[in-house]
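Reading the sequence shown from the start, the letters are residues 12 to 347 in the numbering used here. Ideal Cβ placement from N, Cα and C applies to all residues, glycine included.
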Amino acid sequence: MKTLFILLMLSVAFSAQSQWSLYWHDEFESALLDTTKWTREIGGSGWGNNEFQYYTGTTNNSQLVNGQLVITAKKEPFGPNQYTSARLITKNKFDFRYGRIEARIKVPMGQGLWPAFWMLGSNIDAISWPKCGEIDVMEHINNEAKIYGTYHFDSIGHRYHGEEIGCNPAEYHQYALIWNDQEMIWLMDNVPYYQATITNGNGNKEEFHLPFFILLNLAVGGNWPGPPLASTPFPSQMLVDYVRVYVDQSVIGVSENDIELLDFSPNPATNALQIAIKNNNYPTKATCYSLDGNTFELPITGNLLNTSNIADGHYSLVVEFENGSIQRNSFIKLGN
């Protein structure tokens with residue numbers, strides 16, 4: 012209990028000092044997977060864990076349905092593999108260093124099933140694993156009533172540390188990681204449950220100060236979960252509502268992420284935000300995102316965004332303009 016309290020205070024303190032701005036996201040609301048963001052990785056070589064599935068590049072195993080990414084594991088032969096599934100990655104399309112990453116996910120239950128939301132160091136091809144580093148934001152195996160948060164690194168060989176938290180993984184939960192140059196904090200439904208110190212030079216953790224890319228996958232079998240049984244349900248589905256990455260505007264050097272900042276006032280806001288207009292370019296759409304995963308469209312009148320109908324809290328704001336440009340920033344709503 013004392014450890015959880017300390018973690019909660021660390022998370023609250025860090026969030027209060029941070030100015031989160033939505034940097035990259037996928038809400039999975041299109042008809043087809045956005046291949047400018049994701050690649051369907053293909054193969055069936057066991058993936059270093061003696062996994063049973065073949066990852067395909069088709070909608071047979073990954074597609075968008077009703078505003079969600081659906082990853083489906085099936086019991087069906089594909090070459091020497093007896094199962095198929097999907098693994099989606101942002102490698103060579105998007106990576107980032109430091110920030111907050113989160114996803115709302117519902118995972119399947121069953122012996123031998125291994126869904127994961129995780130990251131790998133972008134330099135993996137140059138230096139291989141585990142030197143590139145690995146951050147598992149969420150992993151689940153079998154029928155366990157808990158999920159795992161873990162990080163892997165090289166310190167004269169493979170080492171890893173992590174923690175687990177009890178839950179019903181078959182229900183939707185928001186899984187998140189706050190990552191800065193000092194530490195990583197794992198959260199489920201905005202409740203922190205594990206903290207790792209990664210100060211450069213502390214235990215050979217320099218890999219966690221370089222960019223990482225994102226992975227979503229549903230494995231079948233492997234060294235950790237063991238093989239599926241006759242009772243394991245197939246097809247089984249991992250459902251992903253969204254994936255979002257925020258960056259901290261208060262950190263010096265965030266401009267390396269090429270963010271165009273929105274100029275507005277006041278902050279904190281009560282009933283409205285006034286956008287600074289340049290070259291007669293007016294806003295056409297304004298979307299704000301709360302840290303608990305909710306999304307809101309703000310009504311627009313000229314250069315005013317109406318914030319009267321949203322609850323008090325900290326929001327990231329994305330505004331689209333008449334000329335097609337997009338600007339981002341964060342604000343605090345007070346006054347309800």
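Among the options, which residue has its Cα nearest to the Cα of residue i?
i, options, result
"Gly90", "Tyr65, Ser139, Gly304, Trp125", "Tyr65"
"Lys344", "Gln338, Thr83, Leu316", "Leu316"
"Ile167", "Lys296, Lys216, Ala156", "Lys216"
"Asn314", "Ala297, Tyr293, Glu308, Asn305", "Tyr293"
"Leu226", "Pro126, Ser319, Ala137, Glu87", "Pro126"
"His220", "Pro277, Asp106, Trp58", "Asp106"
"Phe275", "Ser319, Val330, Asn305", "Val330"
"His169", "Met130, Thr281, Tyr183, Cys143", "Cys143"
"Ser56", "Gln93, His36, Ala42, Lys86", "Gln93"
"Ile311", "Asp303, Gly304, Ile337, Ala283", "Ala283"
"Ser32", "Gln260, Leu309, Gly346", "Gln260"
"Gln30", "Val258, Ala287, Gly346", "Val258"
"Tyr109", "Gly304, Tyr183, Trp190", "Trp190"
"Ser301", "Arg111, Gly54, Lys86", "Arg111"
"Asp303", "Asp323, Ile337, Ala287", "Asp323"
"Asp136", "Val254, Leu124, Phe224, Ile209", "Phe224"
"Leu124", "Asp165, Pro244, Pro203", "Pro244"
Is the separation between the beta-carbon of residue i and that of residue j shorter than 8 Å?
i, j, result
"Phe128", "Tyr186", "yes"
"Thr95", "Thr67", "yes"
"Gly78", "Glu113", "no"
"Gly132", "Glu40", "no"
"Thr295", "Glu333", "yes"
"Glu194", "Ala207", "yes"
"Glu175", "Ile158", "yes"
"Gly173", "Thr161", "yes"
"Ile116", "Met149", "yes"
"Val256", "Trp58", "no"
"Asn61", "Asn234", "yes"
"Phe63", "Pro236", "no"
"Asn154", "Met120", "yes"
"Asp165", "Pro203", "no"
Can you grab the Cα-Cα spacing for the pair residue i / residue j, in whole Å?
i, j, result
"Gln122", "Asp192", "38 Å"
"Ser266", "Tyr326", "Low confidence applies here, because Ser266 scores a pLDDT of 37, under 50, leaving its location unreliable; read the following figure in that light. Those two C-alpha atoms are separated by around 20 Å."
"Phe52", "Tyr205", "The displayed chain sequence assigns Glu, not Phe, to residue 52. The straight-line gap from Cα to Cα measures roughly 30 Å."
"Gly335", "Met249", "34 Å"
"Leu188", "Lys48", "20 Å"
"Pro222", "Leu75", "27 Å"
"Ile321", "Lys289", "27 Å"
"Ala84", "Ser242", "15 Å"
"Asn340", "Gly232", "43 Å"
"Met199", "Asn291", "43 Å"
"Thr14", "Leu273", "Any reading at Thr14 needs caution, since the residue's pLDDT is 47, under 50, leaving its predicted position unreliable; the model's value is listed next. Cα to Cα, Thr14 sits roughly 38 Å from Leu273."
"His163", "Thr281", "44 Å"
"Gln285", "Asn278", "10 Å"
"Asn72", "Pro246", "10 Å"
"Val81", "Leu229", "10 Å"
"Ala156", "His184", "13 Å"
"His428", "Asn179", "Here the chain covers residues 12 to 347 and nothing more, so residue 428 does not appear."
"Glu308", "Leu328", "10 Å"
"Thr318", "Thr46", "34 Å"
"Leu19", "Glu87", "Residue placement at Leu19 is poorly supported in this model, since its pLDDT is 48, which falls under 50; the coordinates are not used for a value here."
"Asn201", "Val251", "17 Å"
"Arg98", "Thr210", "31 Å"
"Glu271", "Ala287", "13 Å"
"Ser139", "Ile146", "15 Å"
"Val254", "Leu240", "31 Å"
"Gly264", "Ala42", "Confidence in Gly264 is poor, its pLDDT being 39 and thus under 50, which makes the residue's placement unreliable; the coordinate value appears in the next sentence. Whole-angstrom Cα-Cα distance: 36 Å."
"Val118", "Ile337", "33 Å"
Could you check where the beta strand (DSSP E) with residue i kicks off and where it finishes?
i, result
"Trp58", "First-last for Trp58: undefined, no H or E at that position."
"Asp165", "157 to 165"
"Thr69", "Note, Thr69: premise wrong, no beta strand (DSSP E); not H, not E."
"Ala280", "Segment: none, Ala280 is in no beta strand (DSSP E) and carries neither H nor E."
"Trp235", "Careful: Trp235 lies outside any beta strand (DSSP E) and carries neither H nor E."
"Phe307", "306 to 308"
"Ser386", "Since the first residue shown for the chain is 12 and the last is 347, residue 386 is missing from the structure and cannot be characterised."
"Trp31", "31 to 37"
"Thr295", "294 to 301"
"Lys344", "337 to 344"
"Leu240", "Premise fails: Leu240 is in no beta strand (DSSP E) and is neither H nor E."
"Gln260", "Where Gln260 is concerned, there is no enclosing beta strand (DSSP E), given that its DSSP letter is neither H nor E."
"Leu316", "315 to 317"
Heavy atom of the ligand COA less than 7 Å from the Cβ of residue i, yes or no?
i, result
"Val329", "Among the ligands in the structure shown, none appear at all, so the ligand COA cannot be discussed."
In chain order, each alpha helix (DSSP H) run of at least 4 residues that lies wholly inside the region 126 to 153: Taking only runs of at least 4 residues, the alpha helix (DSSP H) segments lying wholly in the region 126 to 153 are 135 to 138.
Minimum length 3: unbroken beta strand (DSSP E) runs contained in the region 80 to 127: DSSP runs (the beta strand (DSSP E)) wholly in the region 80 to 127: 92 to 96, 98 to 100, 110 to 117.
Every unbroken beta strand (DSSP E) within the region 168 to 225, with a cutoff of 3 residues, ordered by chain: Within the region 168 to 225, the complete beta strand (DSSP E) runs of at least 3 residues fall at 169 to 177, 184 to 190, 194 to 199, 202 to 208.
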